[in-house]
Amino acid sequence: MSTNDDQTPSRPDLPAGWAVVRVDQAGAVRLGRQRSPDQAMGEHLTKYIRAANITPAGINLDDLLEMNFTPAEQQVFGLEVGDVLLTEASGSASQVGRSAIWRGEVQPCCYQNTVIRFRPHLTTPEYALIVFRQMAVSGAFAQAARGVGIQHLGASRFAELDFPLPPLKEQARIVAIADQRLTEIREAETRLQSALRLLDEQLREVLAAAVAGELVAQRDEELSERSRTPASAARAEPDLFGQSERAPNLEGFDPVLPAGWAWSRVDGAGEVTLGRQRSPKHERGKHMRPYLRVANVYEDRIDTSDVLRMNFEPEEVAIYELRDGDILLNEGQSPELVGRPAIYRGEVPGACFQNTLIRFRAYEHVDPNYALLVFRHYMHSGVFKSIARWSTNIAHLGSGPIKLLA
993 MSTNDDQTPS
1003 RPDLPAGWAV
1013 VRVDQAGAVR
1023 LGRQRSPDQA
1033 MGEHLTKYIR
1043 AANITPAGIN
1053 LDDLLEMNFT
1063 PAEQQVFGLE
1073 VGDVLLTEAS
1083 GSASQVGRSA
1093 IWRGEVQPCC
1103 YQNTVIRFRP
1113 HLTTPEYALI
1123 VFRQMAVSGA
1133 FAQAARGVGI
1143 QHLGASRFAE
1153 LDFPLPPLKE
1163 QARIVAIADQ
1173 RLTEIREAET
1183 RLQSALRLLD
1193 EQLREVLAAA
1203 VAGELVAQRD
1213 EELSERSRTP
1223 ASAARAEPDL
1233 FGQSERAPNL
1243 EGFDPVLPAG
1253 WAWSRVDGAG
1263 EVTLGRQRSP
1273 KHERGKHMRP
1283 YLRVANVYED
1293 RIDTSDVLRM
1303 NFEPEEVAIY
1313 ELRDGDILLN
1323 EGQSPELVGR
1333 PAIYRGEVPG
1343 ACFQNTLIRF
1353 RAYEHVDPNY
1363 ALLVFRHYMH
1373 SGVFKSIARW
1383 STNIAHLGSG
1393 PIKLLA
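Laid out in structure tokens, this is it:
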């Protein structure tokens, strides 16, 4: 560690003219005043900032509370324009040290001890904010935080952290360029979110068209071939092709299907089975097998990064073992994700499945890949959500007849 002419330490990895100081050398650090019941009333009720008011977008003034600050306390804990405020604690270490600049939006205003105030001396508020945000995203605040459950940055630990200090003119240039680039990032993020929304809309439209017969033109030879189907074969498909006059009353479906199409209950198109319940007695045994659960089944994708095992007796394996082409659906999920489906393609050989999943095993006259499109449409159009049943905050699809299949 070397020093410059002002005897402030510098680092060889920093540009010439820069120095490294402690945070409390770059500005004054103070923890806010503790809230207590006896301060809820008094002659000097004053609005104050708490951690909940500090957001990534800045200071949120929608829910400012009040407590009593005497004139002397207002001198100590009052906020001034240019103060940088940081959250002192959070249930998540990654959220500790969230920061924003006070612009004097409310006067007078103080702050609580869930907030640390940094009042700049050797730096500008805008440059200090950039430094503190970098400390947050780099994990420096998370490493400094302490606590069980609630992570506390602590004013003293914060004060001792290194603060990279360029000359004031360079600070101004850094802030200008950083603001420009961060603005470009926010604009790009907005465009990306808009594009993703359009992709979601297109996904829903494609899935809806696929199950309504609007993607592929019906061929005359296919229709005539179906009309020549032997009676014995027709009897093998009564649920799928015997209900064309009975349209479902489900949002997102046109009751009129193309010629040659029909409505069927899902259990008429394939075998529907709920998985085996997990219990302590199955944690050990002679017949341990991998099994898939809701955490493994994403939309059109099986995640094998965290596959668990439990005991399945041979007679249970006959019921719950998965085959290539089985479709697994989330049985219990948030309302928007209930019924989330994916095809099992043998990713985990010999795997069974838990009762957080429903298995759909298509009959011979149903293509599993087409059934997957239908189930994805059910999820995106809200059909699964509309038939799910609630248990606390989880929507359950159940393993009974899952309405109708186009």
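Residues in the sequence shown are numbered from 993 upward in steps of one, following the numbering used here.
Cβ coordinates follow ideal geometry from the N, Cα and C atoms, glycine included.
Treat the numbers as computed from the prediction; the structure is a model and nothing was measured.
Here ASN1361 is exposed, its C-beta having fewer than 16 other C-beta atoms within 10 Å. The C-beta distance from TYR1312 to ARG1268 rounds to 5 Å, short enough to meet the 8 Å contact threshold. The beta-carbon separation of ARG1111 and ALA1020, rounded to 4 Å, stays under the 8 Å limit for a contact. With respect to ILE1122, ALA1049 sits apart: the two C-beta atoms are not nearer than 9 Å. Here GLY1342 is exposed, its C-beta having fewer than 16 other C-beta atoms within 10 Å. A distance below 7 Å between beta-carbons, with the five flanking residues on each side excluded, links GLY1034 to the following residues of its chain, in chain order: ASN1060. In the DSSP annotation of this structure, the continuous segment of the beta strand (DSSP E) that includes TYR1040 starts and ends at 1037-1041. Taking all protein chains shown into account, GLY1331 has 16 or more neighbouring C-beta atoms within 10 Å of its C-beta and is therefore buried.
Under the DSSP assignment, VAL1203 falls in the alpha helix (DSSP H) whose first and last residues are 1160-1203. The C-beta distance from HIS1113 to ALA1018 rounds to 7 Å, short enough to meet the 8 Å contact threshold. The alpha helix (DSSP H) runs of length 4 or more contained entirely in the segment 1012-1073 are, from start to end of the chain, 1015-1018 and 1063-1069. By the neighbour-count definition (other C-beta atoms within 10 Å, threshold 16), SER1271 is an exposed residue. In this structure, the straight-line span from the alpha carbon of PRO1156 to that of ARG1165 is close to 15 Å.
Straight-line spacing of the CA atoms in VAL1286 and ALA1137 works out to 34 Å. Counting of Cβ neighbours within 10 angstroms places ALA1168 among the exposed residues, the total staying below 16. Of the candidates ASN1322, LYS1377, ARG1368 and VAL1203, ASN1322 places its Cα closest to the Cα of ASN1288.
Around the beta carbon of SER1091, 16 or more other beta carbons sit within 10 angstroms, so the residue counts as buried. Taking 9 Å as the cut-off, the beta carbon of GLN1143 is found no closer than this to the beta carbon of GLY1070. Bounds of the beta strand (DSSP E) holding ILE1108 are 1107-1112.
Secondary structure of ILE1142 (DSSP, three-state): coil. Residue state for ASP1154 is assigned as strand, using DSSP reduced to three classes.
The Cβ neighbour count for VAL1129, taken over all protein chains shown within 10 Å, is under 16; the residue is labelled exposed. Using a C-beta cut-off of 8 Å, the segment 1249-1263 makes contact with the segment 1190-1207, since at least three inter-stretch Cβ pairs fall below that distance. Under the DSSP assignment, PRO1306 falls in the alpha helix (DSSP H) whose first and last residues are 1306-1312. Here ASN1347 carries a coil assignment [DSSP, helix/strand/coil]. Contact check between the segment 1344-1352 and the segment 1369-1376: fewer than three CB pairs, one atom from each, fall below 8 Å, which does not count as touching. With respect to the C-alpha of ASN1105, the residue from ALA1043, THR1175, LEU1190 and LEU1195 having the closest C-alpha is ALA1043.
In this structure, the alpha-carbon of GLN1099 lies about 11 Å from that of GLN1066.
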